[in-house]
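S.K.: In my numbering, the protein residues as written are 298 to 528.
(1) Whole angstroms is fine: what's the gap from residue 304's alpha carbon to residue 476's?
(2) Could you tell me whether the Cβ of residue 497 comes closer than 8 Å to any Cβ of chain C?
(3) Quick one: Cα of residue 437 to Cα of residue 465, how far?
(4) Leaving out the 5 sequence neighbours to the left and right, which residues in its chain are closer than 7 Å to residue 363 when beta-carbon positions are compared?
(5) Which term fits residue 401, buried or exposed, when burial requires 16 or more other beta carbons within 10 angstroms of its beta carbon?
(6) Can you round the beta-carbon distance between residue 320 and residue 373 to whole angstroms, since I take them to be within the 8 Å contact cut?
(7) Over what stretch of residues does the alpha helix (DSSP H) that includes residue 427 continue unbroken?
(8) Out of 522, 505, 416, 492, which one is the CA nearest neighbour of residue 453?
(9) Residue 309 to residue 358, Cα distance in whole Å?
(10) Would you please state the rounded distance, in angstroms, between the beta carbons of residue 360 and residue 378? I believe it to be under 8 Å.
Structure follows, in structure tokens:
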């Protein structure tokens, strides 16, 4: 196995589990951390388009990553809206969001079945790969910008599990290395757009980490026992 492929698999692993700290945190705390639901829906849409890209390219590792990442994201969304069902009066709206999340994941699984059964001829969809990759890359890398802006305004980034923020930055770093090597070693300039998106994603993740510690320091000035939310 080529060392570039190994880096890609490491990046895929961190991508697949990116939402896991939030799921665990919500399970332990019995309520979700203060995150932006808009960010998570944009990210979820990005996962859907990456699944379509996996079908277009017949890329099994890409598919498996999105299936796991999509499942974890769905579980977190269900946790959030289940909590909102208990604390808010908008039951119909929250149930609709849960239903929409489940529907999206069912489509992802259906696409995976299409992939395994080779129902969709490669030539019919391969031409759309570049467009699908662009939409997916834009969604997943810009997804947490609303969360960053909201967290700065409301001073809530300090409540997000630090392991999530570190994982988000880590997966971006590994993808940047992977895509840079694809361009440098394999002379494949098709990765340039993905590299640019990934750099933007790392920038947003880094800003969140810096703001996290800034807010933590400010909070400890008035609440000395305030602890880091690791997970």
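Note that the Cβ used here is the ideal one computed from N, Cα and C, for glycine as well.
M.R.: Per the coordinate set shown:
(1) 10 Å
(2) Note that chain C does not occur in the displayed structure, where there is just one protein chain.
(3) 11 Å
(4) 344, 347, 348, 351, 405
(5) buried
(6) 5 Å
(7) 426-439
(8) 505
(9) 8 Å
(10) With 8 Å as the limit, residue 360 and residue 378 do not qualify as a contact, their Cβ atoms being about 26 Å apart.
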